[in-house]
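J.: Shown below is the structure under consideration.
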Amino acid sequence: MPTHPQALMRVPAVAAFGLLLCATACMVGPNYHRPSAPATPQFKEAAGWQPARPIDQQIRGSWWQIYSDPELNSLEKQVAVSNQSLKVTLSQYTEARAMVQYQRAEYFPFLSASTGATRQRGSENRATFFNGVVPNQYNDFSLPLDVNWEPDIWGRVRRTVRAARETAQASAAEVVNVKLSLQAELALDYFQMRGLDEQKAILDRTVAAYRKSLHLNLQLFHAGLASQLEVEQARTQLEAAIAQDQDLGVARAQDEHAIAVLTGHPPATLTIPPRTAPYTPPAVPPGLPSQLLERRPDVAAAERQMAAANEQIGIARSAYYPNFSLSGSGGFESGSLGNWFTGPSSFWSVGLSAADTLLDWGQRHAVNTEAEANYNGTVANYRQTVLTAYQEVEDNLAALRILEREARTEGRTVASAERQEAIAMRLYQQGLDPYINVIQAQTVVLSSEVTAAGIQTRRMTATVLLIKALGGGWNANQLSSD
3 MPTHPQALMR VPAVAAFGLL LCATACMVGP NYHRPSAPAT PQFKEAAGWQ PARPIDQQIR
63 GSWWQIYSDP ELNSLEKQVA VSNQSLKVTL SQYTEARAMV QYQRAEYFPF LSASTGATRQ
123 RGSENRATFF NGVVPNQYND FSLPLDVNWE PDIWGRVRRT VRAARETAQA SAAEVVNVKL
183 SLQAELALDY FQMRGLDEQK AILDRTVAAY RKSLHLNLQL FHAGLASQLE VEQARTQLEA
243 AIAQDQDLGV ARAQDEHAIA VLTGHPPATL TIPPRTAPYT PPAVPPGLPS QLLERRPDVA
303 AAERQMAAAN EQIGIARSAY YPNFSLSGSG GFESGSLGNW FTGPSSFWSV GLSAADTLLD
363 WGQRHAVNTE AEANYNGTVA NYRQTVLTAY QEVEDNLAAL RILEREARTE GRTVASAERQ
423 EAIAMRLYQQ GLDPYINVIQ AQTVVLSSEV TAAGIQTRRM TATVLLIKAL GGGWNANQLS
483 SD
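Heads up, my numbering is the position in the sequence shown plus 2, with the first residue counted as 1.
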């Protein structure tokens, strides 16, 4: 196969120039450094909140196990498997990872191939037709291979890959954030439902007691020791308690339906039997405020979005520099199948090109301004996310501290109300006080008992919200570096 020495010498020369471009490549644009965020040496409200001891109470991945409730554990496990909102977020994360692979492909040359077979007839009246010299009808069989590569001289591809990877990491953190939110929502619904179970148990006992009071008043009325008014007062009190007892069923049904949807089931397929349990809010160690930046998935997502926005500045600045591209093609072309793949049928070409925009009327400047403004926006969003995280921790630390004192106070209120009720009933039975005093005392007992149950529910939900605010045992080092 004949060759041309000068042509062969040009091939390594062009390749060497391409390698030189790669060796001297640099990245334009700012390198990323995490901006400072509002910080505090310790949580303000932690002073009145005792951290958990021993250390095995530290929050871990399955944070709900801290409540030692097997039914809650079973429900929480179903969130990660069956919740549809979580599956949407997982799909978005898969898309983000696929985009990383897509952008990485630009590191390498693109190779394309095609083949063709044509039969052509040219016009005999065309300017280049020479009768008897150039055949007017001929076959053309071709098999070209084309190679195109744009060396990443200014770091556009590298920054694009970094931006895609950081966006994927932000998406991964968002998956954790959604999962944590759904798990916390389930725990909140669960403890609110159990709180309603406790209130219903109180009202069931109250209804039973009011029935006895009505029966007592009827006996006294028939004995001539009580009036019809007192009988009706007792009857009204009983019916009001029954209505209040029945009304709890609405909120409980809604909580049960919400739990079903969170676990990926139709509400009709899930039934959670009523149950009362002496729940004790677990002590949750808040840790140090500086640890919150690594433990909160929403903070991690905001930080990764900030890093991706920084890469966009470099991508925008690379547009000010010329683009270099290396291209080559080669293959076989012949007018006959018999000698299609022989040496004389081969052809090749290789070349280097550069292109730059000389005048764009401020378009590139506008893109750079947009990228910088977007980055500044992500910085502000990151700092706001950090502030919100601190607020949520402080809010729930304060709630737990205050509710603990309120629970003790309300416990004393319940005990005092029960003594008051006993005294009022005794005086009524002795004929020394009207029955209205008994009703008032019983109303105070019921109100204080329901309030105490509500405080207990709020304490349990506050621990859930605190664990959520602390990131649920997650850590940013779990983000994939792929």
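All C-beta atoms in this analysis are idealised placements derived from N, C-alpha and C, irrespective of residue type, glycine included.
(1) Determine the contact status of residue 162 and residue 105, defining contact as a CB-CB distance below 8 Å.
(2) If I measure Cβ to Cβ from residue 423 and keep anything under 6 Å in the same chain, skipping five residues before and after, which residues do I get?
(3) Can you look up residue 120 in the DSSP assignment and give me helix, strand or coil?
(4) Helix, strand or coil for residue 140? Go by DSSP, reduced to three states.
(5) Would you say residue 481 and residue 171 are within 8 Å of each other, going by their C-beta atoms?
(6) Considering residue 30, what are the terminal residues of the beta strand (DSSP E) in which it resides?
(7) Under three-state DSSP, which class holds residue 227?
(8) To the nearest angstrom, report how far apart residue 478 and residue 389 are at their CA atoms.
(9) Can you tell me whether DSSP reads residue 255 as helix, strand or coil?
(10) Give every residue of the same chain whose Cβ lies closer than 8 Å to the Cβ of residue 206, excluding the five residues on either side of it in the sequence, and list them in chain order.
(11) For a minimum of 3 consecutive residues, which ranges assigned as the beta strand (DSSP E) are wholly contained in the segment 68 to 120?
(12) Alpha carbon to alpha carbon, what distance is there between residue 380 and residue 160?
(13) Between which two residues does the beta strand (DSSP E) harbouring residue 332 extend?
(14) Could you work out which residue in 203, 89, 378, 382 is closest to residue 266 when comparing CA atoms only?
(15) Which one or two residues does DSSP pair with residue 146 in a beta bridge?
(16) How about residue 283 and residue 462: do their beta carbons lie closer than 8 Å?
(17) Would you be able to state if there are at least three C-beta pairs under 8 Å between the segment 191 to 209 and the segment 453 to 473?
(18) When you compare the segment 393 to 412 with the segment 427 to 436, are there three or more beta-carbon pairs, one atom per stretch, that lie closer than 8 Å?
(19) For residue 349, which three-state DSSP category applies?
(20) Compute the Euclidean distance between the alpha carbons of residue 454 and residue 407, then round it to the nearest angstrom.
(21) So, for residue 468: in the same chain, excluding its five sequence neighbours on each side, which residues have a beta-carbon less than 6 Å away from its beta-carbon?
(22) Can you find at least 3 beta carbon pairs, one from the segment 147 to 159 and one from the segment 322 to 330, that sit closer than 8 Å?
(23) How is the alpha helix (DSSP H) around residue 367 delimited, first residue to last?
(24) Who are the near neighbours of residue 36 in its chain, counting only those whose CB is closer than 6 Å to its CB and skipping five residues on each side?
(25) Got a sec? Which residues, its chain only, sit under 8 Å from residue 193 by beta carbon, not counting five neighbours each side?
(26) Quick check: the segment 109 to 121 against the segment 294 to 301, are at least 3 beta-carbon pairs closer than 8 Å?
(27) To the nearest whole angstrom, what separates the beta carbons of residue 188 and residue 261, a pair I think is in contact under 8 Å?
(28) Measure from the alpha carbon of residue 489 to the alpha carbon of each residue in 30, 33, 45, 34, then state which is nearest.
(29) Whose C-beta lies closer than 7 Å to the C-beta of residue 213 among residues of the same chain, with five residues either side of it excluded?
(30) With the cut-off set at 8 Å, would you say residue 30 and residue 319 are in Cβ contact?
(31) Just to confirm before moving on: does the CB-CB distance between residue 311 and residue 376 stay below 8 Å?
(32) Taking a contact to mean a Cβ-Cβ separation below 8 Å, would you say residue 335 touches residue 154 in this structure?
(33) Any idea if residue 291 is buried or exposed, counting beta-carbon neighbours within 10 angstroms, 16 or more meaning buried?
(34) Excluding the 5 residues flanking residue 419 on each side, which residues of the same chain have their C-beta closer than 6 Å to its C-beta?
(35) Would you identify the three-state DSSP class for residue 320, choosing helix, strand or coil?
T.: With the given structure in hand:
(1) The count along the sequence shown starts at 1 and reaches residue 162 at position 160. The count along the sequence shown starts at 1 and reaches residue 105 at position 103. Contact: yes.
(2) As a first step, residue 423 is located in the sequence shown; it is residue number 421 there, counting from the start. 443, 444, 447.
(3) The residue given as residue 120 occupies position 118 in the sequence shown. Strand at residue 120.
(4) Counting from 1 along the sequence shown, the entry for residue 140 is found at position 138. Three-state result, residue 140: strand.
(5) By 1-based counting over the sequence shown, the position of residue 481 is 479. By 1-based counting over the sequence shown, the position of residue 171 is 169. Yes, they are a contact pair.
(6) Along the sequence shown, read from residue 1 onward, the residue named residue 30 stands at position 28. That residue, residue 30, is in no beta strand (DSSP E); it is neither H nor E in DSSP.
(7) Within the sequence shown, numbered from 1, the residue matching residue 227 stands at position 225. Reduced to three states, the DSSP call for residue 227 is coil.
(8) Within the sequence shown, numbered from 1, the residue matching residue 478 stands at position 476. Within the sequence shown, numbered from 1, the residue matching residue 389 stands at position 387. Approximately 18 Å, taken between the alpha carbons.
(9) Within the sequence shown, numbered from 1, the residue matching residue 255 stands at position 253. Note: residue 255 maps to helix in three-state DSSP.
(10) The sequence position of residue 206 within the sequence shown is 204, counting from 1. Cβ within range, chain order: 247.
(11) 112 to 115
(12) The residue you call residue 160 lines up with position 158 of the sequence shown. The residue you call residue 380 lines up with position 378 of the sequence shown. C-alpha separation (whole angstroms): 21 Å.
(13) Here residue 332 corresponds to residue number 330 of the sequence shown, with the count starting at 1. Where residue 332 is concerned, the enclosing beta strand (DSSP E) stretches over 325 to 336.
(14) For the purposes of this step, residue 266 is identified with residue 264 of the sequence shown, where counting begins at 1. Of 203, 89, 378, 382, the residue nearest in Cα terms is 89.
(15) As a first step, residue 146 is located in the sequence shown; it is residue number 144 there, counting from the start. DSSP, once it has assigned bridges, lists 333 as partnering residue 146.
(16) In the sequence shown, the residue the question calls residue 283 occupies position 281. In the sequence shown, the residue the question calls residue 462 occupies position 460. Cβ atoms of residue 283 and residue 462: closer than 8 Å.
(17) yes
(18) no
(19) As a position in the sequence shown, residue 349 is number 347, starting the count at 1. DSSP places residue 349 in strand when its eight states are reduced to three.
(20) Counting from 1 along the sequence shown, the entry for residue 454 is found at position 452. Counting from 1 along the sequence shown, the entry for residue 407 is found at position 405. When rounded, the distance between both Cα atoms is 12 Å.
(21) On the sequence shown, residue 468 is found 466 positions in, with the first residue counted as 1. Cβ neighbours of residue 468 beyond the five flanking positions: 286, 398.
(22) yes
(23) Within the sequence shown, numbered from 1, the residue matching residue 367 stands at position 365. Run containing residue 367: 365 to 431, per the alpha helix (DSSP H) assignment.
(24) Here residue 36 is taken as the residue at index 34 of the sequence shown, counted from 1. If we look at residue 36 and ignore the five residues flanking it on each side, it has no Cβ neighbours.
(25) Working through the sequence shown from its first residue, we reach residue 193 at position 191. Excluding residues within five positions, the ones whose Cβ falls inside 8 Å are 281, 459, 462, 463, 466.
(26) no
(27) The residue labelled residue 188 in the question sits at position 186 within the sequence shown. The residue labelled residue 261 in the question sits at position 259 within the sequence shown. Sure, about 6 Å apart at Cβ, within 8 Å.
(28) Here the chain covers residues 3 to 484 and nothing more, so residue 489 does not appear.
(29) To locate residue 213, count along the sequence shown from 1; it is residue 211. Correct list, in chain order: 240.
(30) Here residue 30 corresponds to residue number 28 of the sequence shown, with the count starting at 1. Here residue 319 corresponds to residue number 317 of the sequence shown, with the count starting at 1. The answer is yes: Cβ separation under 8 Å.
(31) Here the question's residue 311 lines up with position 309 in the sequence shown. Here the question's residue 376 lines up with position 374 in the sequence shown. Yes, they are a contact pair.
(32) Here residue 335 refers to the residue found at position 333 when the sequence shown is read from its first residue. Here residue 154 refers to the residue found at position 152 when the sequence shown is read from its first residue. No, these two residues do not count as a Cβ contact at 8 Å.
(33) Start at 1 with the first residue of the sequence shown, and residue 291 comes out as number 289. Residue 291 should be labelled buried.
(34) Here residue 419 is taken as the residue at index 417 of the sequence shown, counted from 1. Cβ neighbours of residue 419 beyond the five flanking positions: 446, 447, 450.
(35) Counted from its first residue, the sequence shown places residue 320 at position 318. DSSP places residue 320 in helix when its eight states are reduced to three.
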